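Counting from 89, one number per residue, gives the positions in the sequence shown under our numbering.
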Amino acid sequence: MTSRSSPTADDRVFYRDIKPHDAPQSLDELRGPRSGLITLPIDVYWGLTPIVNLDSVGGVVLAYQATISEGQAGDQIELLNRDLLIEIWPRLVLPARASCMGEPFS
Numbered sequence: 089m090t091s092r093s094s095p096t097a098d099d100r101v102f103y104r105d106i107k108p109h110d111a112p113q114s115l116d117e118l119r120g121p122r123s124g125l126i127t128l129p130i131d132v133y134w135g136l137t138p139i140v141n142l143d144s145v146g147g148v149v150l151a152y153q154a155t156i157s158e159g160q161a162g163d164q165i166e167l168l169n170r171d172l173l174i175e176i177w178p179r180l181v182l183p184a185r186a187s188c189m190g191e192p193f194s
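Next up, the structure:
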């Protein structure tokens, strides 16, 4: 009988780290609205209130984090605005797989 050691925190694999991530080919494809109300699709955001106000920083952060983390390229093209993304980028908290592009806006 062999003894097995318990896995350590370093041995664990999290789904968030291996989940496939989709993104448009270019920031120039992003043609979403810059202001107003948008409704996030259920597969992008499954919270109680999918309607977000892009005229508030909190609304933009919520919508953009959800859309980048969970949305497909088509969702991102329709919901994200290139200039607004560049403006809000430093405030977004994204999984490593979604933010691995670093600072694409320099």
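Even glycine gets a Cβ: it sits at the ideal position worked out from N, Cα and C. Since the structure is predicted, the reported quantities are computational estimates derived from the model, not experimental observations.
Report yes if the CB atom of residue i is closer than 8 Å to the CB atom of residue j, and no otherwise.
| i | j | result |
| --- | --- | --- |
| Gln164 | Pro121 | no |
| Thr155 | Val181 | no |
| Ile130 | Val140 | no |
| Arg185 | Val149 | no |
| Ala161 | Asp99 | no |
| Ser157 | Pro138 | no |
What does a CB cutoff of less than 6 Å around residue i pick up in its chain, not counting 5 residues either side in sequence?
| i | result |
| --- | --- |
| Gly190 | The predicted position of Gly190 is uncertain, since its pLDDT is 47 and thus under 50; no value can be drawn from it. |
| Asp116 | none |
Between which two residues does the alpha helix (DSSP H) harbouring residue i extend?
| i | result |
| --- | --- |
| Ile165 | Ala161 to Leu167 |
| Thr127 | Unbroken run through Thr127 is the beta strand (DSSP E), Leu125 to Thr127; no alpha helix (DSSP H). |
| Val145 | Val145 to Glu158 |
| Ile139 | Segment Ile139 to Asn141 is the beta strand (DSSP E) holding Ile139; no alpha helix (DSSP H) there. |
| Ile174 | Arg170 to Ile176 |
Could you tell me which of the options sits nearest to residue i, measuring between CA atoms?
| i | options | result |
| --- | --- | --- |
| Leu142 | Thr96, Arg179 and Asn169 | Asn169 |
| Tyr152 | Thr137, Gly135, Leu136 and Trp177 | Trp177 |
Kindly give me the distance between the Cβ atoms of residue i and residue j, rounded to whole angstroms, as I take these residues to be in contact under 8 Å.
| i | j | result |
| --- | --- | --- |
| Gly159 | Leu172 | Not really, about 15 Å apart at Cβ, beyond 8 Å. |
Tell me which residues share the same chain as residue i and place their Cβ nearer than 7 Å to its Cβ, disregarding the 5 neighbours each side in the sequence.
| i | result |
| --- | --- |
| Glu175 | none |
| Ser123 | Leu142 and Asp143 |
| Trp134 | none |
Skipping 5 residues on each side, what residues in its chain have a beta carbon closer than 8 Å to that of residue i?
| i | result |
| --- | --- |
| Ala118 | Checking the sequence shown, residue 118 turns out to be Leu, not Ala. The residues are Pro112, Gln164, Ile165, Leu168, Asn169, Arg170 and Leu173. |
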